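Peer 1: Chains as they are written, first to last, in this note's numbering: chain A, 1 to 689; chain B, 690 to 1310.
Heads up, the beta-carbon is just placed ideally off N, CA and C, and yes, glycines get one too.
Keep in mind that this is a model prediction, so the values were computed, not measured.
Mind having a look at this structure? Questions to follow.
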């Protein structure tokens, strides 16, 4: 057994975690991200970490990777210019969309008109037609198609191409024929077919999902290509796997071709890590606050599992790919504060200084005040970060924040506190979206802060949300990498079955399921997973014939009984919707097989028991600005804290990759695994929890 | 006689101070329960009108029936005032007859389910939902005969009855109802879906009462209603003048040869109240285009428009109703006398919103939008397929959203909330048809500095012989433009037969026979333009030509001349724009309705291919 390497690329930092698969021992590191070619930081960081631990590149079996490359491309609108080929007569498919204006009655008055992701001027029509049974109504006119593609090539500078033809979910033959001509006319650009990416009925959703795939494909393929090349140069034979939006892992090749499944890869890593920490800490319900340099992701974990959804949303983009239900706001440590001339209001973000030039305090050329700078001014971030290898420019930060104070006509500290309050309010809004607005009471949840800046803001968020305890896991900056490294490889396939139960039988369904199972098992084996380590899961989607909604039910092919599936469906339908339809036949809509690789048995670290007094970890006395006044505080070194120690606020707890702020009136208990559990102090007039 | 509410616990609710955070949580929980109602419905309904298009409306009301969250609601009060029976725990009310609920629903197709939510022997809330049934019997498939002379031709009429009485389901009654429909399977599933939605919301209300307390829940709904009352009071005082403004718009025709029908409304503020007076609206029609408008329903429409136009941050509910006084003349198109036909009320319903927009924006043209409501264009297609199976489609179409003060109107979108189109692949899989074209119709949006959205050109190829019906409006009058913007194009429908003949068909017509291979071009209206088209960026006009949204000819409306290579001919454009600017006639009115009614009538046949409608009341119907 060798090593697993989990690497998570964020907008600002790249986090690394190396796990010895035999002993469970972990090693971690954090290096600045290299946005122009994120693979640089990945490889250099991995090399550095392995060299320090005297591990050779050939000892690494698995390279597990979460990346926000696709996400950022969408959010920053740095997407490919996508050409789109649709069936004749349907050119405005992306313009008309589903005709839906979101919101209530009269919401059209205030809804801004969106621009389609594939520009209309780059959308051309294929002279062909297929019917709903997959039979050809009109053959593709290849000459006309070629001429139209040539014209598109001469007029528009497209970087990726999407083909989405009517009824291609039944048969991809026409799309295939168009693709062949595309390959000749556009030999150098990637072509995505909707019958590949999402073979499901509903032309708009299929087109949009496939267009989104095309839009991020050049960026993602370039990135993965670079990464694989450098891994080879480094001399490792480790299998590269990327974390999908739904928390599973997939191969590099699949990732390059179907990057639409990576749109929430980064956030999924954090949530997967949080699930692992929460499980070990024995806490079932957790709100997660993953605050990085550019943005913050929040999610809800209920009874130990993250909420999954059948769609993925990034900014305004909403595609049909499974993902963990994560909400993202453009609020991070690098978010830039500014005062618009007109309104004289203080605004923070969504513009971010990112990793380059970064906050002023990082002294890398940044000149605009950021949230990080405000934290430096307030004394929440002591002068040195990353265990001393990274010095902060406090004077520079003060100068930058002073521009905000001057524009508002208030003091420096008040301006800095204002910046922090506003960014907190933005994150508060996102947390409400996943909790209150889903009918959950945040008071029933703990709140876990991680990512580079989460631990700095989590205590404040806990106060706003009334969610206790506030949990700061050990090495919160590399929690995503923990998630990447502790989750499992996953191959999933789904096919339409579309039979009413009276037209099929147990044996047929069982055979069908077995064939799907064999397919995903073979795919996972091809990725190097040992056959005996593979776990196979099966689902069927059932509904009453005529309904639009299916209920997924897990099954096992060996002991399959349609009668049993029906009875479970009826029970579930009644629980969900309070009724059954006795006269209506049941229909098996889709069947699905999932193959899962082996989970890594990574045990949490165990801390030595202390005497409750954190004195041994005290670094020095400190002052910070909180609750409108300068207060005395203490800086502690997290690595020296023992289990059971209680850190009274206000205090700062530093470690290599992160800084935790404990507010006045609160205290942090160190648990056996090294988590900081922040609660209101017993002496707090608002009472302990 | 009003309904008698039976409660086994007579303890009054205590007024409780609800802290702002708890109030926010409850508000969000209620809003979320409402969203859950929608989700439950679309997941379990079967008719495409509901499961694919979302033609259904939920609400949660307080114990007095005032809507706290929802829309198209506010009808429980009307029901309670006219229901002669008792309401008890375990009861559930089912109804569809507009005349026995004071217009709570406005045609027989809308089935309404009302569930009183009891807890501890006391009524704490109501949940309700109605949804459009694709077929409830009557003289035509789809049950919306445009030429019906009374409600008795419009399918099964359900007075308020107890579908559950103290928890016991009235199966026999439902059997009778279902027996009237051509699609009892859809109706059964959709009714179950409505019931399930109400039950889900009732369960959420019960949980909230358990979590926060019954007194807290009651106090919170009071506070939410009061919060809205305060905000609307302020908004009314600052946005509505004491000097009356009025606005008139039309329904193009009634489907039996008469039109246009005038709807006119005058608005002013008096003693802190808004008066909305429909005096001057035309008398009821002899066909089914009458719209029985419940006053509270109109208050709600007014409130939502006020909020959307002037301050979208305000929470919407029924709290402000005593600030509005709605006056509708008896026997008019909006308050027809029983048993006037009602099935085709959708056209007047849509037009009401254009009238509201025109009234509210008149004093503040910066908030004004162009016209956009055609109504809600319907296509019905039914028959027996080759295997002898009955098929029946009811589909709602969409057109152009008007130009707005901040930008162009979207092309081919819905002005109705929550409505989506039916995916064409769904149509092709489940109905004998192929959709040969589904595109925005270039130039159909009114020109303006902000263009009105284009209508949709949808071409159906029918694959089985059958009967179609078309219901649309805005084919005779124009969707008006504002602040210098031009009107949008009108709606049109063309049948192209397999023998090569082409025929313009009326926009309100039932019983059109089609054969296999016939093509129907179903073309909807464009939204009105906003602002002076000469101020639109010529390069944007050129880009929209490449996008197929505007034509080279249409560009001339913007004073933009396109050279042969597709780019803007700058010199020619400047010259044309100067000429057009000089020819603009200054007007006091922010509205551009296009030609007056007499001119429209004169040119009707030539411009639309259809004879002009006859002035209502000029000859006996």
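Which same chain residues, not among the five before or five after residue 723 of chain B, have their C-beta less than 8 Å away from its C-beta?
Peer 2: Cβ neighbours of residue 723 of chain B beyond the five flanking positions: 747, 748, 749, 758, 759 and 890.
Peer 1: Figure out for me which residue from B:1062, B:807, B:1166 and B:1031 has the closest Cα to the Cα of residue 906 of chain B.
Peer 2: Ranking the options by Cα distance to residue 906 of chain B, first place goes to B:807.
Peer 1: From the DSSP output, in three-state form, read off residue 993 of chain B for me.
Peer 2: Looking at residue 993 of chain B - three-state DSSP - the assignment turns out to be helix.
Peer 1: Tell me the DSSP secondary structure of residue 867 of chain B in three-state form.
Peer 2: The answer is helix: DSSP assigns residue 867 of chain B an H, G or I state.
Peer 1: In terms of alpha-carbon separation, which member of B:1172, B:854 and B:716 lies closest to residue 1060 of chain B?
Peer 2: When each option's Cα is compared against that of residue 1060 of chain B, the closest is B:1172.
Peer 1: Using three-state DSSP, classify residue 283 of chain A as helix, strand or coil.
Peer 2: Residue 283 of chain A: coil per DSSP, three-state reduction.
Peer 1: By Cβ distance, which residues of its chain are closer than 6 Å to residue 811 of chain B, with the 5 residues on each side in sequence left out?
Peer 2: Hits under 6 Å: 696 and 698.
Peer 1: Using the Cα positions of residue 688 of chain A and residue 680 of chain A, report the straight-line distance between them to the nearest angstrom.
Peer 2: Because residue 688 of chain A carries a pLDDT of 49, less than 50, the predicted location of this residue cannot be relied on, and the following value inherits that uncertainty. Each residue's alpha carbon lies about 5 Å from the other.
Peer 1: Taking the alpha carbon of residue 405 of chain A as the point to measure from, which residue in A:611, A:416 and A:397 has its own alpha carbon closest?
Peer 2: If we check each option's Cα against that of residue 405 of chain A, A:416 comes out closest.
Peer 1: Quick one: is residue 100 of chain A near chain B, going by C-beta distance under 8 Å?
Peer 2: Residue 100 of chain A counts as touching chain B.
Peer 1: Given that a residue counts as buried once 16 or more other Cβ atoms are within 10 Å of its Cβ, and exposed if not, what is residue 625 of chain A?
Peer 2: So residue 625 of chain A counts as buried.
Peer 1: Do residue 570 of chain A and residue 612 of chain A have their C-beta atoms within less than 8 Å of each other?
Peer 2: For residue 570 of chain A and residue 612 of chain A, no; Cβs fall outside 8 Å.
Peer 1: By DSSP, does residue 690 of chain A sit in helix, in strand, or in coil?
Peer 2: Only positions 1 to 689 of chain A appear in the structure, and residue 690 of chain A is not among them; the question remains open.
Peer 1: Are any of the Cβ atoms in chain A nearer than 8 Å to that of residue 763 of chain B?
Peer 2: Chain A, which has no Cβ nearer than 8 Å to the Cβ of residue 763 of chain B, makes this no.
Peer 1: Report, in whole angstroms, the separation of the C-beta atoms of residue 836 of chain B and residue 703 of chain B, which I expect to be a contact under 8 Å.
Peer 2: Wrong, their Cβ atoms sit about 57 Å apart, outside the cutoff.
Peer 1: Opposite residue 223 of chain A in the DSSP bridges: which residues?
Peer 2: Partner(s): none; residue 223 of chain A has no beta bridge.
Peer 1: Determine the extent of the beta strand (DSSP E) in which residue 1227 of chain B is found, giving its start and end residues.
Peer 2: Looking at the DSSP string, residue 1227 of chain B is not in any beta strand (DSSP E); the run it does join, the alpha helix (DSSP H), is 1227 to 1235.
Peer 1: Taking only the alpha-carbon atoms, compute the straight-line gap between residue 901 of chain B and residue 349 of chain A and give it to the nearest angstrom.
Peer 2: Straight-line Cα distance between these residues: approximately 37 Å.
Peer 1: Is DSSP giving residue 68 of chain A helix, strand or coil here?
Peer 2: Coil, per DSSP.
Peer 1: With distances taken Cα to Cα, identify the nearest neighbour of residue 1040 of chain B among B:1078, B:990 and B:1220.
Peer 2: That would be B:990, whose Cα lies nearest to the Cα of residue 1040 of chain B.
Peer 1: Is the Cβ of residue 74 of chain A closer than 8 Å to any Cβ of chain B?
Peer 2: It does not: the Cβ of residue 74 of chain A has no partner Cβ on chain B nearer than 8 Å.
Peer 1: Could you please give the first and the last residue of the uninterrupted beta strand (DSSP E) stretch that includes residue 495 of chain A?
Peer 2: Here the beta strand (DSSP E) through residue 495 of chain A covers 490 to 500.
Peer 1: Does the Cβ of residue 606 of chain A have 16 or more other Cβ atoms within 10 Å, making it buried, or fewer, making it exposed?
Peer 2: When all chains shown are included, residue 606 of chain A counts as exposed.
Peer 1: Between residue 1058 of chain B and residue 1101 of chain B, is the Cβ-Cβ spacing less than 8 Å?
Peer 2: No, Cβ-Cβ distance for residue 1058 of chain B and residue 1101 of chain B is not below 8 Å.
Peer 1: Roughly how far, in whole angstroms, is the beta-carbon of residue 460 of chain A from the beta-carbon of residue 424 of chain A, given that I think they are within contact range, below 8 Å?
Peer 2: Right, the Cβ-Cβ distance comes to about 5 Å (below 8 Å), so this counts as a contact.
Peer 1: Check residue 918 of chain B in the structure and name its three-state DSSP category.
Peer 2: Here residue 918 of chain B sits in helix by DSSP.
Peer 1: Alpha carbon to alpha carbon, how far is residue 145 of chain A from residue 697 of chain A? Give it in angstroms, no decimals.
Peer 2: Because chain A in this structure spans residues 1 to 689, residue 697 of chain A falls outside the shown range and cannot be described.
Peer 1: Express the C-alpha separation of residue 674 of chain A and residue 102 of chain A in angstroms, rounding to a whole number.
Peer 2: C-alpha separation (whole angstroms): 45 Å.
Peer 1: Hey, is residue 94 of chain A's beta-carbon within less than 8 Å of any beta-carbon in chain B?
Peer 2: Judged by the 8 Å Cβ criterion, residue 94 of chain A is not in contact with chain B.
Peer 1: Which stretch, first to last residue, makes up the alpha helix (DSSP H) that contains residue 740 of chain B?
Peer 2: 737 to 740 is the span of the alpha helix (DSSP H), which, as asked, contains residue 740 of chain B.
Peer 1: Does the beta-carbon of residue 1187 of chain B have 16 or more other beta-carbons within 10 angstroms, so that it is buried, or is it exposed?
Peer 2: Counting Cβ neighbours within 10 Å, residue 1187 of chain B comes out exposed, since fewer than 16 surround it.
Peer 1: So the alpha helix (DSSP H) residue 318 of chain A belongs to, where does it begin and stop?
Peer 2: Element bounds for residue 318 of chain A: not the alpha helix (DSSP H) but the beta strand (DSSP E), 317 to 319.
Peer 1: Check each residue of the region 1106 to 1127 of chain B: if its Cβ is closer than 8 Å to any Cβ of chain A, include it; give the result in chain order.
Peer 2: For the region 1106 to 1127 of chain B, which is checked against every Cβ of chain A, the residues closer than 8 Å are 1106, 1107, 1108, 1109, 1110, 1112, 1113, 1114, 1115, 1117, 1118, 1123, 1124, 1125, 1126 and 1127.
Peer 1: Go through the region 416 to 485 of chain A residue by residue and report every complete run of the alpha helix (DSSP H) that reaches 4 residues or more, in order.
Peer 2: Taking only runs of at least 4 residues, the alpha helix (DSSP H) segments lying wholly in the region 416 to 485 of chain A are 454 to 465.
Peer 1: Can you grab the Cα-Cα spacing for the pair residue 368 of chain A / residue 347 of chain A, in whole Å?
Peer 2: Taking the straight line from one Cα to the other gives about 13 Å.
Peer 1: If I measure Cβ to Cβ from residue 829 of chain B and keep anything under 6 Å in the same chain, skipping five residues before and after, which residues do I get?
Peer 2: Counting only Cβ-Cβ distances below 6 Å, and skipping sequence neighbours, we find 1199.
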